[in-house]
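Taken in order, the sequence shown gives residues 17 to 211; the numbers are from the working numbering.
The beta-carbon is built from N, C-alpha and C at its ideal position, and this holds for glycine as well.
Please read all numbers here as calculations on a predicted model, not as lab measurements.
Below is one structure; the comments refer to it alone.
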Amino acid sequence: MFGIKLKHFFQISNLLSIIRLLGAFPLVWIIFNPGTVGNWGVVAIVFFLGLTDFLDGFLARKLNQVTELGKILDPLADKVLVISIAVSFFITGIIDPLLFAVIVARDLLIMLPGIFLGKKLGSVPASDMIGKWTFAFIGVYLLIVYLGGNGNNPVPIFDKNSTPMVIYYYFLILLIIVSFLNYAAKAIKLIKESK
């Protein structure tokens, strides 16, 4: 199924996706225990995990390691990481219910049909630049609001109620919706091409 081979798990591009996928779990623990590494420690960890998102795709193309496993692992790792952070930030009151719902709904509405497409067609739509930019913009927003209102040392310039952050907030919601519609269009095209 999916054309996945065991050796693909050991390709550097897929190992980076696995690191991002597994890195979500200790990150959640750290978010709920901020004294362990401090606010900037959380930022450094999220930055590192986000960097793996750029590197896995870049290396897959550069080293000719684009595989069905990578097409599954890369977006799955993105979604697990973003949903984990969103849930943690929602529970701790860092993000509001609307943004939480939009982030989680978009990722679930991409992930669940993706599983169906993989089983039915043996392939899933690959991540593209819209998805990558959406992931990056979500990550940056979440980090900014985390620094702006978390812990004992909030950073006032990152206050989520400031005008630039309110504009960013609504831009982000629009981008998330566009990203979902883009994925849906690619999925429909894949289904039509398989007939």
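Residue i - DSSP class collapsed to helix/strand/coil
| i | result |
| --- | --- |
| Pro141 | coil |
| Lys211 | coil |
| Ile111 | coil |
| Asp175 | coil |
| Asn198 | helix |
| Leu79 | coil |
| Val182 | helix |
| Val58 | helix |
| Ile99 | helix |
| Asn30 | helix |
| Val118 | helix |
Burial state of residue i, where buried means 16 or more other Cβ atoms lie within 10 Å
| i | result |
| --- | --- |
| Ile119 | buried |
| Pro180 | exposed |
| Lys23 | exposed |
Same chain, Cβ closer than 7 Å to residue i, five either side skipped, listed in chain order
| i | result |
| --- | --- |
| Leu125 | Phe196 |
| Ala60 | none |
Cutoff 8 Å; reference residue i; Cβ partners in own chain excluding five residues on either side
| i | result |
| --- | --- |
| Ile189 | Leu114, Leu115 and Val118 |
Chain C contact for residue i (CB, 8 Å cutoff)
| i | result |
| --- | --- |
| Pro91 | No chain C is present in this structure, which holds just one protein chain. |
Anticipated Cβ contact below 8 Å, residue i with residue j, distance rounded
| i | j | result |
| --- | --- | --- |
| Asp90 | Ser33 | 5 Å |
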